[in-house]
Amino acid sequence: MSTRLNGIIRAFEEGKPAFTCFAKSDKQTAIDLSDSPYDGLVVEMEHNPFDMSALGDFLQYLLNRKQILKQGSPAPAVTPLVRIPSNGAEMDHWQAKQALDRGVYGIITPHVKTVEQAYNAVAACRYARPKNAPLYEPKGVRGDGPATAARYWGLTQPEYYAKADVWPLAPEGELLVGLMIESEEAIENLDDMLANVPGIGFCLIGEGDLSQELGYARQYEHPEVLGAMRKIVETCKKHNVVVGNPHTNAKNVERLLGEGYRFLMSAPQRSYGVIGQAREMAGY
-8 MSTRLNGIIR
2 AFEEGKPAFT
12 CFAKSDKQTA
22 IDLSDSPYDG
32 LVVEMEHNPF
42 DMSALGDFLQ
52 YLLNRKQILK
62 QGSPAPAVTP
72 LVRIPSNGAE
82 MDHWQAKQAL
92 DRGVYGIITP
102 HVKTVEQAYN
112 AVAACRYARP
122 KNAPLYEPKG
132 VRGDGPATAA
142 RYWGLTQPEY
152 YAKADVWPLA
162 PEGELLVGLM
172 IESEEAIENL
182 DDMLANVPGI
192 GFCLIGEGDL
202 SQELGYARQY
212 EHPEVLGAMR
222 KIVETCKKHN
232 VVVGNPHTNA
242 KNVERLLGEG
252 YRFLMSAPQR
262 SYGVIGQARE
272 MAGY
């Protein structure tokens, strides 16, 4: 049995893509996703309320005691991350701290454009340590309050400290730092970001904002948009950093896998087939 708690990292380490989705922080969504085939999910708090009480409830309802018993691990079968509201340029720490202290396994920061912003996003997810400690940089600035997160992970606080660091910088770390790359400025600076900031777990392309800036709003298959995305993929490959796509569907999944995307977000399928069948039977 794998001792890895973060199922998304487990997929990456096994050379597999990780399949995820966005989720709202309500209890029923957590229950529905708890036995889904996803490797992980991203609680969407950039465009939804940043509500820590709701997130705490969501995380508890995501746990399934039958699954925990079967797999012999306290980890949720579907690994929760959070996309926080603050953009990279805002250089916030507190939103990452609050979400991590609830027990999530990683933070996605929107609109990261510079080396300084990328450094800050990683530092916000790391605890402070002595200057002579290994893996000192990026210097951790996360405040110390691990009790709730350690309980959620099913660990003692010393065990939590040992695992609450960013992967792949810390090979045993269980936290993922995701950067949203969604502007021309970010693309221009991405090579420097990945070369100079260790601890970035993956880059997630923000196709919506990127396509807006390029003048082709939500035209994800437009040549200009695809060309910009290709630059991001190539830069991530150069530095062996996972790249993700937030709009994976049946039409593009083969292409995305072929191009090397490894963090694939697809919406849960909703089927209304029975309604069409019933209307047909009812004669309208």
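Note that this note's numbering has the sequence shown beginning at -8, numbered continuously upward.
In this text, a Cβ means the ideal position worked out from N, Cα and C, and glycines have one as well.
| Can you tell me the Cα-Cα spacing of A9 and T70, whole angstroms? | 10 Å
| query | Are the region 16 to 35 and the region 46 to 53 touching, with three or more C-beta to C-beta distances below 8 Å? | reply | yes
| Per DSSP, cross-strand counterpart(s) of Q9 | Correcting the residue identity first, residue 9 is Ala in this sequence and not Gln. Beta-bridge pairing links A9 to F254.
| query | Is it true that the CB of V188 sits closer than 7 Å to the CB of A109? | reply | yes
| field | Span of the alpha helix (DSSP H) around M220 | value | P214 to K229
| field | Between the CA atoms of P149 and E35 - distance to the nearest angstrom | value | 30 Å
| field | Supposed close pair E37, P76 - CB separation, criterion 8 Å | value | 5 Å
| task | Just the C-alpha distance for Y118 and H213, rounded to the nearest angstrom, thanks. | result | 42 Å
| Starting from N236 and walking both ways along the beta strand (DSSP E), at which residues does that stretch end? | V233 to N236
| request: Check each candidate in G94, W85, E175 and D48 and name the one with the smallest Cα separation from Y152. | output: G94
| query | Contact between the region 228 to 240 and the region 127 to 144: three or more CB pairs below 8 Å? | reply | no
| task | Please state if the CB of Y207 and the CB of E198 are separated by a distance shorter than 7 Å. | result | no
| request: Using a threshold of 7 Å, state whether the C-beta atoms of K104 and A114 are closer than that. | output: no
| Which listed residue (V132, K18 and R56) has its alpha carbon closest to that of Q44 | Residue 44 is actually Ser in this sequence, not Gln. The residue with the shortest Cα to Cα distance from S44 is K18.
| Closest by CA to E225, which one among D42, E81, V73 and E179? | E179
| field | Assigned exposure category for T11 - 16 Cβ within 10 Å defines buried | value | buried
| query | If we count the other Cβ atoms within 10 Å of its Cβ and call it buried at 16 or more, is T100 buried or exposed? | reply | buried
| Taking the alpha-carbon positions, what's the I(-1) to E204 distance? | 30 Å
| query | How big is the Cα-Cα spacing for F250 and N243? | reply | Reading the sequence as shown, one finds Glu at residue 250 and not Phe. If I take the Cα positions, the gap works out to 11 Å.
| field | Cutoff 7 Å; reference V232; Cβ partners in own chain excluding five residues on either side | value | L185, I191, F193 and C194
| task | Could you tell me the boundaries of the beta strand (DSSP E) in which G94 lies? | result | Taken as a continuous stretch (DSSP letters only), G94 belongs to no beta strand (DSSP E), as it is neither H nor E.
| query | Helix, strand or coil: how does DSSP classify T(-6) here? | reply | coil
| Whole-angstrom Cβ separation of S27 and P259, contact assumed at under 8 Å? | 7 Å
| Segments of 3+ residues assigned as beta strand (DSSP E) that fall wholly inside the region 61 to 129 | 70 to 74 and 97 to 100
| How about N(-3) and E165: do their beta carbons lie closer than 7 Å? | yes
| said: Can you find the residues in the same chain that come closer than 6 Å, C-beta to C-beta, to P67, ignoring five residues on each side of it along the sequence? | reply: L53 and L54
| Supposed contact pair W144 and P65 - C-beta distance, whole angstroms, cut 8 Å | 7 Å
| Residue of E128, A124 and L170 minimising C-alpha distance to A80 | L170
| said: Starting from F49, trace the alpha helix (DSSP H) in both directions and tell me its first and last residue. | reply: M43 to L53
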